[in-house]
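Numbering (the working numbering), first residue to last: 7 to 329.
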């Protein structure tokens, strides 16, 4: 068998958001289509999701949430720069606007992150395999610094760098989605410094902004991974992460993070992603492309003495590569 050109982690986000989403995520994991999940510790189904993770031995990380629902840390007991008048986080764009305006108290961000890390350990009895950010809040200016500090202090080594090659040229994305993806990409580039200084690691490449929801297909996933592989040296196996949001759609009022499920989670697009990920078409295409699915733990299992590249060029990848 020829050596794979890419080792791919497929991460399902929003685990714990609602039982129906979780049912689909577990189905995808058991089918071998998802290799990792990211748990929301303030989700409506957090405890049952943690039980599913234990029962099925699902590699589970923390989906750090600073933008949707209620906090789990000290902020829940009183006024906080992270919250609106009703005691909920400020929202996907509201939090970004508050950060940009300098209205977010970064020590309060650190407290909430530490509380979510502690909550994860209480739920699963261990540290998370990785920590990423719900709605990519972890790469925002200023937030990325305290995020990296909190992970280093907690002994978490792996995160997500949502920097997708060529996403600005993905014309099938609606203008708002493409603008958001490009903003996430800019923030991710700026987060490289803080992440590196605090010893965090991530896969060589990331895919998922261009293949979210209705835009996911075997053809588009394969094309996104092909863009990543352009210019790769012969014989080098790249590591990559595919971000996904599969599951059976939420049905209100069940689900969410304290405010009920949002339109994203209730959308038919969640079921579309589940069907694309578990269909034979995608698996066959990945095998044809030399892509091997694996978990993050597999990427970190190199034997002593094996080459571990720690630096990568700015184009197409940023330092440090995972393996």
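Glycine included, C-beta positions come from ideal geometry on N, C-alpha and C.
Check	Outcome
If contacts are defined as beta-carbon pairs under 8 Å, then residue 39 and residue 119 qualify, I think. What distance do you get, rounded to the angstrom?	Rounded, the Cβ-Cβ distance is 30 Å, inconsistent with contact.
Just verifying my parser: in three-state terms, what is the DSSP assignment at residue 344?	With the chain covering only 7 through 329, there is no way to say anything about residue 344.
Just to confirm the assignment: which complete beta strand (DSSP E) runs, minimum length 3, are found wholly within the stretch 94-161?	137-139
Quick one: residues in its chain with C-beta nearer than 8 Å to the C-beta of residue 121, no 5 flanking neighbours on either side, listed in chain order?	77, 78, 79 and 80
Ends of the beta strand (DSSP E) at residue 247?	244-250
At 4 residues or longer, what runs of the alpha helix (DSSP H) sit wholly inside the stretch 176-203?	181-203
Measure how close the beta-carbons of residue 59 and residue 250 come, nearest whole angstrom, since I'm counting them as under 8 Å.	The Cβ separation is near 17 Å, so there is no contact.
If I follow the unbroken beta strand (DSSP E) through residue 69, where does it start and stop?	66-70
Going by DSSP, name the residue or residues bridged to residue 232.	DSSP, once it has assigned bridges, lists no residue as partnering residue 232.
By the DSSP assignment, the alpha helix (DSSP H) with residue 83 in it spans what residues?	Run containing residue 83: none; DSSP gives neither H nor E here.
Please confirm if the stretch 135-144 is in contact with the stretch 158-168, defined as three or more CB-CB distances below 8 Å between the two stretches.	yes
Apply the 10 Å Cβ neighbour rule to residue 15 and answer buried if 16 or more other Cβ atoms are within range, or exposed otherwise.	buried
Following the continuous beta strand (DSSP E) through residue 16, name the residue where it begins and the one where it ends.	12-21
Among the candidates 22, 23, 30 and 21, whose CA atom is the shortest distance from the CA of residue 280?	30
In terms of DSSP beta bridges, what is residue 165 paired with?	137
When the Cα of residue 74 is compared with those of 46, 67, 180 and 278, which residue comes out closest?	46
So residue 115 and residue 68 are supposed to be a Cβ contact under 8 Å. How far apart are they, rounded?	Their Cβ separation, rounded to whole angstroms, is 15 Å, which puts residue 115 and residue 68 out of contact at 8 Å.
Do residue 218 and residue 50 have their C-beta atoms within less than 8 Å of each other?	no
Can you tell me where the beta strand (DSSP E) holding residue 42 begins and where it ends?	42-45
List the endpoints of the continuous beta strand (DSSP E) containing residue 257.	Segment: none, residue 257 is in no beta strand (DSSP E) and carries neither H nor E.
Rounded to whole angstroms, what's the CA-CA distance from residue 276 to residue 28? Just pull it up for me.	11 Å
Please determine, among 215, 89 and 202, the residue with the shortest C-alpha to C-alpha distance to residue 189.	215
Within 8 Å, do at least three Cβ pairs link the stretch 193-201 to the stretch 140-154?	yes
What does the Cβ neighbour count give for residue 63, buried or exposed, with the cut at 16 atoms within 10 Å?	exposed
Are the beta-carbon atoms of residue 6 and residue 206 separated by less than 8 Å?	Here the chain covers residues 7 to 329 and nothing more, so residue 6 does not appear.
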